[in-house]
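A.B. asks: If you read the protein sequences in the order shown, they are chains F and B. 139 is the number that the working numbering gives to position 117 of the first sequence; each next residue is one higher, with no gaps. 143 is the number that the working numbering gives to position 138 of the second sequence; each next residue is one higher, with no gaps. We put the beta carbon where it would ideally sit given N, CA and C, even for glycine. As the structure is a prediction and not an experimental result, all values here were calculated from the model.
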Amino acid sequence: MNSLRKKIDKIKPHFTEGGRFAKLRSVFEGFESFLFVPDRVTVRGSHIRDSIDLKRTMIIVVIALVPALLFGSYNVGLQYFRSIGADAEIIRCFWFGFLKILPLIIVSYVTGLGIEFIAAQIRGHEINEGFLVTGILIPLIVPVDVPLWMLALSTAFAVILGKEVFGGTGMNVFNPALLARAFLFFSYPGWMTGDTVWTYNLTAGENIIDGFSGATPLAYAAGGELSGIPSFLEMFIGTIPGSVGETSTIAVLLGALILIITGIGSWKIILSVFAGGLAMGLLLNLVAVNPFMELPFYYHFVMGGFAFGAVFMATDPVTASQTEKGKWIYGFLIGVLSILFRVLNPAYPEGVMLAILLMNLFAPLIDYYIIESHIKKRLKRASLANNIQGV
Amino acid sequence: MPRHVKLKKGYDIPISGTAERILAQAVNPLRFGVKPVDFPGLIPKLDVKAGEKVKAGTPLFHSKLNPDILFVSPVSGTVISVERGERRKILEVIVEKEGDDHICFAKADPSSLTREEITRELLLSGLWPAVRQRPYNIIAKPYEKPKAIFISAFDTAPLAPDLSFVISHFSEELFRSGLLAISKLTDGKVHLVLNSKGETSPVLSNAEGVEISYISGPHPAGNVGVHIHHIDPLNKGEVVWTVNLQDIIAIGRLFTEGIYKPERIIALTGSEVTKPCYYRILTGACVASVVEGNVENDNVRYISGNVLTGTRISRDGFPGFYDSQITVIPEGNNFEFLGWALPGNKKLTFSRAFTSAFLPKKAFTPDTNFHGGERAFVMTGQYEKVLPMDIYPMQLCKAILVEDIDLMENLGIYEVAEEDFALCEFICPSKIEIQSIIRKGLDLMIREMS
């Protein structure tokens, strides 16, 4: 690696103040610190620092997403071959799906990172790592058939208006990946809803065998056709139509395991989202005035993006509640609202996205009340001490 | 029945280079330094010029805001230089030792003295700066009455000296006399806080006239700020004083022998020290006198104090007024290829983000590398794991950053000092310099409240 290091040192002067490419300084720094942890040493404060940084943090989330990505690739292929009535072995399904997903990933990263680079350069900051995760999340929460330009547009929207205008990573109110999805959802509903968008090339309708509908389990449930819903096991494994990375609960749970073991994702949030979903699901089961409400509560966990949202979206530390007590409330309400929207709102078959975005908005309010009660407690302690002194 | 507090939050950084329990002889040091920068918020006014002769106990400088607070020479000899930094800020006053002359202070039994007499004696002898106050962690105001005085009898910082071992090398008489003098300064209690884990010297556990409490747990369980928080928390308008254990000895010596002799046993620690052990020195003795022949490597950092809160000094530098420890660790000024991406069997981390977290525990030899770049606050719930206080650390930091005085007050700025947040700074994945932020907040409060 020494020769690489030497090459970098050789071109480095061009990117410093006054150099030929000074305008690309942030980009250069971004790539350099990607390859080499810098030789920067501590100047003030603690002389030693933990080895962890945001790059490490983000890359662990990306690793946690790999099972969902791999299964998603397989499932895209599987659904396609099912739609044309062909049999294909696992590898072929996987490879087919992978080639379909790859452009989504590339477009998402190129658009988002490009904007990040420009924003960092304008601010004179180092490049933030936040988009490493957002860039892979976006392709995983859209239908495979979404046109690339729409993906690019929604990514740009999410990064610029959702994040950079607030000051970049760490300052945003809404989860950028979900914002991209919401943008797509409301701007191009034709590409985001319905039965045909979830399977590759189904909208075009060529070579499709009779009887293949491509409808997601949620669509069946919303339509009251509970008989159309696949078995619990099938949905748990994830061989069902849906957004690219959300279908397999197993893969998502593997990711959750990685996040929880490494401590990067908040287990409190994950657990409380499921608890909220459980509570609401049970409540609906008790009332049960239509078939969707009769759906056993545990089915909700394996349908749609519930698990994916709980594990990868709700846990985004920037947009979630920032106090530990607040995380319980925040997660629980996401769970409750997801199921509520899902079952009781006929306009949207899936409620997870909106539930999380809504709670993103309320997270600061939750924190505000937690902090207020903490302050009250402290003031009470102070007045108590004064009373004792008075006696 | 003494109080027992068991703390769970915190982190003992596994780092190599603990001092062996041996008291070695320092090479006779020639140069001594007294550093105004050891005292946050102090504006020093020089009392001597280079070339002047001084005795042990001669004032070198005093506080501009409170001229009664003197800072004196630890030895007799000649002032050889006054080192200045940016904007002529005084960094060090250096004295070259010669002879053994000292100013004689009145000998007295502290029990026969009044509070005012003891205060005056401490001010005159230059020992007053050893008394610090919370809030703000600055030198105490001599004429204020604290509600209590806290003395921490153990240090949990990385590689910190074993204060029980240290105290056993001093006469019990000095300690008793020092405690007696200190206890006259408050109408409230004097709290001596011991570690409930490990061995405690009987000198400490049998101390009289003080309230003994036991606290255990990982670092920062030994921090006096944590003790105050759990034993007698500070509210707005209250003041608590703190004194380091070894300064009690120096205070005791002042009253029994009538001299300023700030003798101190320091631990020379860190992975780059060939034989880490303890040394008996006078405060301010040139570090070279203890590291000579004991550090082989060149690319190292000398720290007065511990790796979390200490001050960087040069090889010819001087230990800080409040420090009982010198740490020598390797500099980390090297690039690491894909360092953030590799599994990391040998990476020191509080998180579980590297494989090292799942391997059997062993001591690491961390260097001074920054391990990343500074970012905005992203991760949450991390600082809380290493701060055993009922305080919201991130929210307090943010309140300081936006200079919201009311919010800072409400969130507990009076109870904290930089050192209590040192571990937060260490574990921060966004590499935010939290100790600087806290100091900024404290300085802001001092300005605002005066």
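#1: Is F369 (chain B) helix, strand or coil when you go by DSSP?
#2: So, helix, strand or coil for G152 (chain F), using DSSP?
#3: Looking at the C-beta of Q143 (chain F), does it have a partner C-beta in chain B at a distance below 9 Å?
#4: Would a C-beta distance cut-off of 9 Å place I451 (chain B) and I143 (chain B) closer than the cut-off?
#5: Along chain F, which residues have their Cβ under 8 Å away from the Cβ of R8 (chain B)?
#6: What residue from B:A111, B:L273, B:S117 has the CA that sits closest to L129 (chain B)'s CA?
#7: Should C109 (chain B) be labelled buried (16 or more other beta-carbon atoms within 10 Å of its own) or exposed?
#8: Between N339 (chain B) and chain F, is any beta-carbon pair separated by less than 9 Å?
#9: Just list the beta strand (DSSP E) runs in the segment 88-118 of chain B, keeping only unbroken ones of 3 residues or longer that don't cross its boundaries, in chain order.
#10: Measure the alpha-carbon distance for P72 (chain B) versus W350 (chain F) and round it to whole angstroms.
#11: What is the residue span of the beta strand (DSSP E) that F155 (chain B) lies within?
#12: Can you tell me the Cα-Cα spacing of I405 (chain B) and E423 (chain B), whole angstroms?
#13: Taking all protein chains shown into account, do 16 or more other C-beta atoms lie within 10 angstroms of the C-beta of R42 (chain F), making it buried, or fewer, making it exposed?
#14: With a threshold of 9 Å between beta-carbons, can D372 (chain B) be considered close to chain F, or not?
#15: At a CB-CB cut-off below 8 Å, which residues of chain B make contact with I378 (chain F)?
#16: Taking the straight line between their C-alpha atoms, what separation do you get for A237 (chain F) and L362 (chain F)?
#17: Counting along the chain, where does the beta strand (DSSP E) carrying G38 (chain B) start and finish?
#18: If you draw a straight line from the alpha carbon of I18 (chain B) to that of P163 (chain B), how long is it in whole angstroms?
#19: Suppose contacts are defined by Cβ-Cβ distances below 9 Å. Is F234 (chain F) in contact with R364 (chain F) by that definition?
#20: Around the C-beta of A329 (chain F), are 16 or more other C-beta atoms found within 10 angstroms, so that it is buried, or is it exposed?
#21: Per DSSP, which one or two residues make a beta bridge with S86 (chain B)?
#22: Considering just the uninterrupted stretch of the beta strand (DSSP E) at K50 (chain B), what are its terminal residues?
#23: Beta-carbon of M193 (chain F) versus every beta-carbon of chain B: anything under 9 Å?
#24: Excluding sequence positions up to five away, which residues of its chain have a Cβ less than 7 Å from the Cβ of Y370 (chain F)?
#25: Output the boundary residues of the beta strand (DSSP E) element that contains L199 (chain B).
#26: So, using beta-carbon positions, are A226 (chain B) and P115 (chain B) closer together than 9 Å?
#27: Find the residues of chain F that neighbour G376 (chain B), judging by a C-beta separation of less than 8 Å, and give them in chain order.
#28: On the DSSP bridge assignment, give the partners of W246 (chain B) in chain order.
#29: Provide the residue span of the alpha helix (DSSP H) that contains P198 (chain F), from first to last.
#30: If we define contact as Cβ-Cβ less than 9 Å, is I318 (chain B) a contact residue for chain F?
#31: Between A212 (chain B) and chain F, is there a C-beta pair that is closer than 9 Å?
#32: Roughly how many whole angstroms lie between the Cα atoms of G412 (chain F) and V195 (chain B)?
#33: In this structure, does DSSP put E247 (chain F) in helix, strand or coil?
#34: Answer yes or no: do P60 (chain F) and F340 (chain B) have a C-beta to C-beta separation smaller than 9 Å?
#35: Using 9 Å as the threshold, is the C-beta distance between V219 (chain F) and V187 (chain F) below it?
C.D. replies: Working from what's here:
#1: As a first step, residue 369 (chain B) is located in the second sequence; it is residue number 364 there, counting from the start. Three-state DSSP puts F369 (chain B) in a strand.
#2: Looking up residue 152 (chain F) in the first sequence gives position 130. G152 (chain F) falls in the helix class under three-state DSSP.
#3: Looking up residue 143 (chain F) in the first sequence gives position 121. The beta carbon of Q143 (chain F) sits no closer than 9 Å to any beta carbon of chain B.
#4: As a position in the second sequence, residue 451 (chain B) is number 446, starting the count at 1. As a position in the second sequence, residue 143 (chain B) is number 138, starting the count at 1. Taking 9 Å as the Cβ cut-off, I451 (chain B) and I143 (chain B) qualify as a contacting pair.
#5: Here the question's residue 8 (chain B) lines up with position 3 in the second sequence. Per Cβ cutoff of 8 Å: no residues; R8 (chain B) is ~17 Å from chain F at best.
#6: Locating residue 129 (chain B) in the second sequence gives position 124, counting from the first residue. It is B:A111 whose Cα lies nearest to the Cα of L129 (chain B).
#7: As a position in the second sequence, residue 109 (chain B) is number 104, starting the count at 1. C109 (chain B) counts as exposed, since fewer than 16 other C-beta atoms from the protein chains shown sit within 10 angstroms of its C-beta.
#8: Here residue 339 (chain B) refers to the residue found at position 334 of the second sequence. By the rule that beta-carbons nearer than 9 Å mark a contact, N339 (chain B) touches chain F.
#9: Runs of the beta strand (DSSP E) lying entirely within the segment 88-118 of chain B, each at least 3 residues long, are 95-102 in chain order.
#10: As a first step, residue 72 (chain B) must be located in the second sequence, where it is residue number 67. As a first step, residue 350 (chain F) must be located in the first sequence, where it is residue number 328. Spanning the alpha carbons of P72 (chain B) and W350 (chain F) requires a straight line of approximately 54 Å.
#11: Reading the second sequence from its first residue, position 150 is the one you call residue 155 (chain B). For F155 (chain B), the enclosing beta strand (DSSP E) begins and ends at 153-157.
#12: Residue 405 (chain B) sits at position 400 when you count from the first residue of the second sequence. Residue 423 (chain B) sits at position 418 when you count from the first residue of the second sequence. In this model, I405 (chain B) and E423 (chain B) are separated by some 13 Å (Cα to Cα).
#13: Looking up residue 42 (chain F) in the first sequence gives position 20. That one is exposed.
#14: On the second sequence, residue 372 (chain B) is found 367 positions in, with the first residue counted as 1. Yes, D372 (chain B) lies at the interface with chain F (some Cβ there is under 9 Å from its Cβ).
#15: As a position in the first sequence, residue 378 (chain F) is number 356, starting the count at 1. Taking the beta carbon of I378 (chain F) as reference, no residue of chain B falls within 8 Å; the closest one sits roughly 16 Å away.
#16: Stepping through the first sequence from its first residue, residue 237 (chain F) is reached at position 215. Stepping through the first sequence from its first residue, residue 362 (chain F) is reached at position 340. If I take the Cα positions, the gap works out to 21 Å.
#17: The residue given as residue 38 (chain B) occupies position 33 in the second sequence. Counted as a single uninterrupted DSSP element, the beta strand (DSSP E) harbouring G38 (chain B) occupies residues 36-39.
#18: Taking the first residue of the second sequence as 1, we reach residue 18 (chain B) at position 13. Taking the first residue of the second sequence as 1, we reach residue 163 (chain B) at position 158. If you take the alpha carbons of I18 (chain B) and P163 (chain B), they lie about 6 Å apart.
#19: Numbered from 1 along the first sequence, position 212 holds the residue referred to as residue 234 (chain F). Numbered from 1 along the first sequence, position 342 holds the residue referred to as residue 364 (chain F). Result no, Cβ atoms of F234 (chain F) and R364 (chain F) do not sit closer than 9 Å.
#20: Residue mapping note: residue 329 (chain F) aligns to position 307 of the first sequence, counting from 1. Buried is the label assigned to A329 (chain F), since at least 16 other Cβ atoms lie within 10 Å of its Cβ.
#21: Here the question's residue 86 (chain B) lines up with position 81 in the second sequence. B:I99.
#22: The count along the second sequence starts at 1 and reaches residue 50 (chain B) at position 45. For K50 (chain B), the enclosing beta strand (DSSP E) has its first and last residue at 49-51.
#23: By 1-based counting over the first sequence, the position of residue 193 (chain F) is 171. M193 (chain F) counts as touching chain B.
#24: Residue numbering aside, residue 370 (chain F) sits at position 348 when the first sequence is read from its first letter. Contacts found: F363, L376.
#25: Working through the second sequence from its first residue, we reach residue 199 (chain B) at position 194. Unbroken beta strand (DSSP E) run through L199 (chain B): 194-200.
#26: Working through the second sequence from its first residue, we reach residue 226 (chain B) at position 221. Working through the second sequence from its first residue, we reach residue 115 (chain B) at position 110. No, they are not a contact pair.
#27: For the purposes of this step, residue 376 (chain B) is taken as the residue at position 371 of the second sequence. Going by the sequence as given, residue 376 (chain B) is His instead of Gly. Contact note: H376 (chain B) reaches chain F through V59, R71, D72, S73, I74, D75, using a C-beta cutoff of 8 Å and chain order.
#28: Sequence index remark: in the second sequence, residue 246 (chain B) carries index 241 (1-based). Per DSSP, B:Q138, B:I154.
#29: Sequence index remark: in the first sequence, residue 198 (chain F) carries index 176 (1-based). Counting along the chain, the alpha helix (DSSP H) containing P198 (chain F) begins and ends at 198-209.
#30: Here residue 318 (chain B) refers to the residue found at position 313 of the second sequence. Residue-level contact by beta carbon fails for I318 (chain B) and chain F, as no gap is shorter than 9 Å.
#31: Sequence index remark: in the second sequence, residue 212 (chain B) carries index 207 (1-based). Nearest CB-CB separation between A212 (chain B) and chain F: not below the 9 Å threshold.
#32: As a working mapping, residue 412 (chain F) is identified with position 390 in the first sequence. As a working mapping, residue 195 (chain B) is identified with position 190 in the second sequence. Unreliable positioning characterises G412 (chain F) in this predicted model, as indicated by a pLDDT of 47, which lies under 50. The coordinate reading is nonetheless provided below. When rounded, the distance between both Cα atoms is 21 Å.
#33: The residue you call residue 247 (chain F) lines up with position 225 of the first sequence. Here DSSP, grouped into helix, strand and coil, assigns E247 (chain F) to coil.
#34: Residue numbering aside, residue 60 (chain F) sits at position 38 when the first sequence is read from its first letter. Residue numbering aside, residue 340 (chain B) sits at position 335 when the second sequence is read from its first letter. In this structure, F340 (chain B) lies closer than 9 Å to P60 (chain F) by Cβ.
#35: Translated into positions along the first sequence, residue 219 (chain F) becomes position 197. Translated into positions along the first sequence, residue 187 (chain F) becomes position 165. Cβ atoms of V219 (chain F) and V187 (chain F): not closer than 9 Å.
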